[in-house]
Amino acid sequence: MTPINNKPKRFTTFQKPSVRPVDTAPVPRLTPRETWEREEAKPAIKASATDEARIRQLSRRSFLWVGIASVATVGGLWAFNRDPEEGKSAGGAFVPRIEGTKAPLRKVLSFNEFVARNLFYSPTNRAQEFPRSMAIEPRNNYHGATPEIDLADWTLTLEGAKGRDKPLVLTLADIQTLPEVSQTTELKCIEGWSAITNWSGVRLHDFLQKYPPPDGTRYLAMYSEPVGQEDTWYNVGLDIESAMHPQSILATAMNDEALTSEHGAPLRLIMPHKYGIKSIKLITRIAYSDTRPGDYWYEQGYDWYAGL
Amino acid sequence: MTPDMPLPKVLPEARPTPEGATVAAPVVPQVKLVKKHPLAIRWMHWINFPVLMVMIWSGVLILWANDVYPTEKFALKIPNRITLSRKGVTAVYPPKEADDYPVPAKERVDIRLAFRLAEGQAWHFTWAWFFTLNGVAYVLYLFFSGEWKHLLPRKESFGEAFKVVLHDLGLYRKPLPPGKVNHAQRIAYTSVVVMGFGMVVTGLAIYKPAQLTWLSNALGGYQAARLEHFWLTAGIIAFFFVHVAQVIRAGFNNFRAMITGYELSRHDYDKLS
Chain A
9 MTPINNKPKR FTTFQKPSVR PVDTAPVPRL TPRETWEREE AKPAIKASAT
59 DEARIRQLSR RSFLWVGIAS VATVGGLWAF NRDPEEGKSA GGAFVPRIEG
109 TKAPLRKVLS FNEFVARNLF YSPTNRAQEF PRSMAIEPRN NYHGATPEID
159 LADWTLTLEG AKGRDKPLVL TLADIQTLPE VSQTTELKCI EGWSAITNWS
209 GVRLHDFLQK YPPPDGTRYL AMYSEPVGQE DTWYNVGLDI ESAMHPQSIL
259 ATAMNDEALT SEHGAPLRLI MPHKYGIKSI KLITRIAYSD TRPGDYWYEQ
309 GYDWYAGL
Chain B
172 MTPDMPLPKV LPEARPTPEG ATVAAPVVPQ VKLVKKHPLA IRWMHWINFP
222 VLMVMIWSGV LILWANDVYP TEKFALKIPN RITLSRKGVT AVYPPKEADD
272 YPVPAKERVD IRLAFRLAEG QAWHFTWAWF FTLNGVAYVL YLFFSGEWKH
322 LLPRKESFGE AFKVVLHDLG LYRKPLPPGK VNHAQRIAYT SVVVMGFGMV
372 VTGLAIYKPA QLTWLSNALG GYQAARLEHF WLTAGIIAFF FVHVAQVIRA
422 GFNNFRAMIT GYELSRHDYD KLS
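Protein sequence lines correspond, in order, to chains A and B. To convert, note that position 274 of the first sequence is 282 in our numbering; the numbers rise steadily by one, no gaps. To convert, note that position 157 of the second sequence is 328 in our numbering; the numbers rise steadily by one, no gaps.
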């Protein structure tokens with residue numbers, strides 16, 4: 009039997025140290041992804057008490073601001089829209105209306121008109137014209153029953169023409185002495201629908217040259233006032249630049265057929281560079297004006313200019 | 172130290188100095204109060220919220236002036252009236268009108284959306300200025316402050332965004348790269364700016380189609396521009412819902428940063444970009 013030698017062996021072998029001194033520690037060459045994946049995987053050490061106190065202080069201040077701003081926004085919108093119904097005596101509106109629209113919004117619409125007339129509008133900018141084959145019949149969107157008249161009795165009264173004291177009374181034949189034009193344009197309703205339609209008639213530009221307004225006239229008004237049909241009367245106000253645009257036409261025919269009363273027989277306006285609300289049907293009177301004329305839909309809250 | 176030395180499997184937590192004393196390893200993360208969102212971005216972010224709400228509301232008033240688009244066709248039914256009463260919230264679709272509705276008028280609050288075109292246009296054409304100016308200011312601020320570095324997608328963002336989605340679904344367990352926003356957010360926040368730009372461009376094509384005929388035609392015509400405007404709105408609303416859900420998910424610390432500007436984080440964000 010050999011005795012068990014429990015004594016450790018006396019010779020030494022080289023051992024890799026499990027930890028190295030800092031100055032000789034290997035610099036781990038990790039990719040950026042490995043680095044942050046390792047870092048993110050570690051549990052974080054809580055923020056210091058100073059930082060916790062600071063964020064609480066910042067939060068109090070900021071959330072107070074948020075509260076004030078939220079109340080101001082909601083309250084402001086509520087006060088702006090406050091409009092007691094007629095008949096209720098609970099105070100008045102804080103913000104008055106101008107022709108159906110809150111005054112500040114009306115002012116921005118006027119500013120938009122200023123921008124549109126000075127920045128966008130140009131007589132050389134033409135609304136898109138389409139091939140004649142694309143023309144369809146537009147829907148009839150009149151504000152009441154379309155007025156029907158005896159066409160033989162129709163005349164057009166022109167008020168305020170240059171050098172004339174009395175209104176001028178014109179017949180369809182007078183208007184048709186002007187050169188005939190035809191265009192296929194898209195009628196765009198303010199409600200959103202649109203229809204490509206062919207219109208023939210005379211240029212409003214030519215009409216305004218044959219029966220010129222006094223120099224410096226800025227506006228004209230058109231009225232549809234068929235006798236005995238006061239319920240369907242309609243009127244539009246136009247700026248003279250838009251009226252002089254080569255695509256503004258006094259139409260007598262739609263899709264090569266004489267206008268039906270549904271579409272404004274015998275004479276209607278077509279302006280592809282304004283919403284359809286300006287394309288008045290069954291014109292009976294035109295008046296030149298130095299002041300901005302009234303307008304059927306403007307008085308019900310819509311933009312006066314309505315330019316496209 | 173030899174360059175070919177194999178990498179240790181686990182990084183040392185603490186290392187002895189030559190003298191034998193131990194120091195904390197520098198990689199242990201410490202949560203600190205760090206600046207996240209600049210004041211200008213916070214203002215523009217929060218201004219955009221009510222402005223966008225008013226734009227969408229007034230846009231619906233304009234849309235509902237006339238049912239040009241049968242909206243069911245696009246799987247997006249928009250009610251023309253929302254009624255709040257003790258029976259709950261009810262959406263009323265055309266052709267049903269107030270008189271058809273079973274709850275008496277005195278017992279309900281109606282949010283009317285149909286036949287308010289003049290009002291809708293007045294609001295839309297006023298607040299479009301705020302929307303546009305705020306958006307332009309935001310883009311200019313991002314550009315000049317350098318904040319865009321945190322928000323624009325990078326080459327790797329499209330792949331990384333997929334990992335973010337998997338991570339949010341609990342299918343990818345590794346941590347995401349640190350940063351003010353993750354790669355999915357980079358794509359989302361940039362897309363929403365592009366959508367906002369699209370709103371202004373399609374909006375102008377609808378607003379002045381006869382003066383900007385070229386723009387209207389480039390977008391496929393007047394009605395096409397209207398439809399694009401409508402779909403971009405749907406895109407922004409979709410962004411809004413995902414955004415709010417993700418903010419709720421991310422927690423209060425993250426939400427608070429959009430209000431106070433500061434976040435408790437282990438990363439100094441401005442050094443990360």
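By construction, the Cβ of each residue, glycine as well, lies at the ideal position given by its N, Cα and C atoms. The model shown is predicted, which means the values in this text are computed figures rather than measured ones.
Distance CB(residue i)-CB(residue j) smaller than 7 Å
{"i": "Tyr219/A", "j": "Ala259/A", "result": "no"}
{"i": "Trp201/A", "j": "Ile278/A", "result": "no"}
{"i": "Gly245/A", "j": "Thr109/A", "result": "no"}
{"i": "Ala80/A", "j": "Phe102/A", "result": "no"}
{"i": "Met230/A", "j": "Ile288/A", "result": "yes"}
{"i": "Ala261/A", "j": "Lys286/A", "result": "no"}
{"i": "Leu290/A", "j": "Pro155/A", "result": "yes"}
{"i": "Asn243/A", "j": "Tyr296/A", "result": "no"}
{"i": "Arg172/A", "j": "Val189/A", "result": "no"}
{"i": "His400/B", "j": "Gly374/B", "result": "yes"}
{"i": "Val364/B", "j": "Asn353/B", "result": "no"}
{"i": "Lys206/B", "j": "Asp59/A", "result": "no"}
{"i": "Gln417/B", "j": "Ile53/A", "result": "no"}
{"i": "Leu313/B", "j": "Trp319/B", "result": "yes"}
For residue i, the three-state DSSP class (helix, strand or coil)
{"i": "Asn133/A", "result": "coil"}
{"i": "Leu311/B", "result": "helix"}
{"i": "Arg325/B", "result": "coil"}
{"i": "Ala192/B", "result": "In this prediction, Ala192/B has a pLDDT of 46, which is less than 50 and means its spatial position is unreliable; what the coordinates show is noted afterwards. It is coil, neither helix nor strand."}
{"i": "Gln191/A", "result": "strand"}
{"i": "Trp305/A", "result": "coil"}
{"i": "Leu176/A", "result": "strand"}
{"i": "Tyr433/B", "result": "strand"}
{"i": "Trp162/A", "result": "coil"}
{"i": "Leu127/A", "result": "helix"}
{"i": "Gly230/B", "result": "helix"}
{"i": "Gly406/B", "result": "helix"}
{"i": "Asn243/A", "result": "strand"}
{"i": "Arg293/A", "result": "strand"}
{"i": "Ser118/A", "result": "helix"}
{"i": "Ala98/A", "result": "Only weak support exists for where Ala98/A lies, its pLDDT of 48 falling under 50; the value from the coordinates is given anyway. Three-state DSSP puts Ala98/A in coil, outside helix and strand."}
{"i": "Glu42/A", "result": "helix"}
{"i": "Asp281/B", "result": "strand"}
{"i": "Trp73/A", "result": "helix"}
{"i": "Arg287/B", "result": "coil"}
{"i": "Asn263/A", "result": "coil"}
{"i": "Tyr446/B", "result": "For chain B, the structure presents residues 172 to 444; residue 446/B sits outside this window and is missing."}
Beta-carbon separation (whole angstroms), residue i vs residue j, contact threshold 8 Å
{"i": "Trp298/B", "j": "Val222/B", "result": "6 Å"}
{"i": "Leu228/A", "j": "Pro221/A", "result": "7 Å"}
{"i": "Met142/A", "j": "Thr192/A", "result": "7 Å"}
{"i": "Pro380/B", "j": "Leu316/A", "result": "5 Å"}
{"i": "Met429/B", "j": "Arg283/B", "result": "At roughly 33 Å, the Cβ-Cβ gap does not stay under 8 Å, so Met429/B and Arg283/B are not in contact."}
{"i": "Arg226/A", "j": "Asp298/A", "result": "6 Å"}
{"i": "Ile144/A", "j": "Thr205/A", "result": "7 Å"}
{"i": "Thr240/A", "j": "Gly152/A", "result": "5 Å"}
Reference residue i, options the options, closest by Cα
{"i": "Ser67/A", "options": "Leu443/B, Lys442/B and Glu434/B", "result": "Glu434/B"}
{"i": "Arg46/A", "options": "Lys442/B, Val413/B, Glu278/B and Leu347/B", "result": "Leu347/B"}
{"i": "Asn237/B", "options": "Arg287/B, Phe329/B and His208/B", "result": "Arg287/B"}
{"i": "Arg279/B", "options": "Ala359/B, Lys207/B, Val352/B and Ile253/B", "result": "Ile253/B"}
{"i": "Leu322/B", "options": "Val365/B, Gln356/B and Val260/B", "result": "Gln356/B"}
{"i": "Leu275/A", "options": "Thr225/A, Arg226/A, Ser190/A and Leu159/A", "result": "Leu159/A"}
{"i": "Leu178/A", "options": "Ile63/A, Arg172/A and Leu164/A", "result": "Leu164/A"}
{"i": "Asn133/A", "options": "His281/A, Gly171/A, Tyr304/A and Asp247/A", "result": "His281/A"}
{"i": "Cys197/A", "options": "Glu307/A, Gly236/A and Asn148/A", "result": "Asn148/A"}
{"i": "Phe426/B", "options": "Val74/A, Arg293/A, Gly236/A and Lys50/A", "result": "Val74/A"}
{"i": "Leu390/B", "options": "Gly369/B, Thr404/B and Gln417/B", "result": "Gly369/B"}
{"i": "Asn251/B", "options": "Val260/B, Lys258/B and Tyr264/B", "result": "Tyr264/B"}
{"i": "Ile377/B", "options": "Leu337/B, Arg344/B and Gln292/B", "result": "Gln292/B"}
Residue i Cβ short of 6 Å to the ligand HEM heavy atom set
{"i": "Asp264/A", "result": "As presented, the structure is devoid of all ligands, the ligand HEM included, so that no description of it is given."}
Query - Residues of the stretch 64 to 98 of chain A with Cβ closer than 7 Å to any Cβ of chain B, in chain order - result: Those would be Leu66, Ser67, Ser70, Phe71, Val74 and Thr81, in chain order.
Query raised in the report: Between the stretch 205 to 223 of chain B and chain A, which residues of the former have a C-beta closer than 8 Å to a C-beta of the latter?
Result: Taking 8 Å as the Cβ-Cβ cut-off against chain A, the residues of the stretch 205 to 223 of chain B that qualify are Trp217 and Pro221.
Query - Contact set between the stretch 274 to 300 of chain B and chain A, restricted to residues whose Cβ is under 8 Å from the partner - result: Within the stretch 274 to 300 of chain B, the residues whose Cβ lies closer than 8 Å to any Cβ of chain A are, in chain order, Leu288, Ala289, Glu290, Gln292, Ala293, Trp294, Phe296, Thr297 and Trp300.
Report task. May I ask you to list, following chain order, the residues of the stretch 233 to 252 of chain A that have a beta carbon less than 8 Å from some beta carbon of chain B? Result -> So nothing in the stretch comes that close.
Query raised in the report: When you check each C-beta in the stretch 196 to 208 of chain A against every C-beta of chain B, which residues fall closer than 8 Å?
Result: Residues Lys196, Cys197, Ile198, Glu199, Gly200, Trp201 and Ser202.
Report task. Determine which residues of the stretch 106 to 136 of chain A have a Cβ less than 8 Å from any Cβ of chain B, and write them out in chain order. Result -> Of all residues in the stretch 106 to 136 of chain A, only Gly108, Thr109, Lys110, Pro112, Leu113, Arg114, Val116, Leu117, Asn120, Ala124, Phe128, Tyr129, Ser130, Asn133, Arg134, Ala135 and Gln136 place a beta-carbon less than 8 Å from a beta-carbon of chain B.
Query raised in the report: Got a sec: which bits of the stretch 380 to 404 of chain B sit with their beta carbon under 9 Å from any beta carbon on chain E, in order along the chain?
Result: Here the protein chains are A and B, and chain E is not one of them.
Query - Under 9 Å (Cβ pairs) to chain A, residues found in the stretch 335 to 358 of chain B - result: From the stretch 335 to 358 of chain B, only Lys345, Pro346, Leu347, Pro348 and Pro349 have a Cβ closer than 9 Å to chain A.
Query - Interface positions of the stretch 264 to 290 of chain A facing chain B (Cβ-Cβ less than 7 Å), listed along the chain - result: Listed by position, the residues of the stretch 264 to 290 of chain A near chain B (Cβ gap below 7 Å) are Pro280 and His281.
Query raised in the report: Which residues, taken in chain order from the stretch 302 to 335 of chain B, show a beta carbon closer than 8 Å to some beta carbon of chain A?
Result: Taking 8 Å as the Cβ-Cβ cut-off, the stretch 302 to 335 of chain B has no residue approaching chain A.
Query raised in the report: Any residues in the stretch 414 to 438 of chain B with a beta carbon nearer than 8 Å to a beta carbon of chain A? Which ones, in chain order?
Result: So the close ones are Arg427, Ile430, Thr431, Gly432, Tyr433, Leu435 and Arg437.
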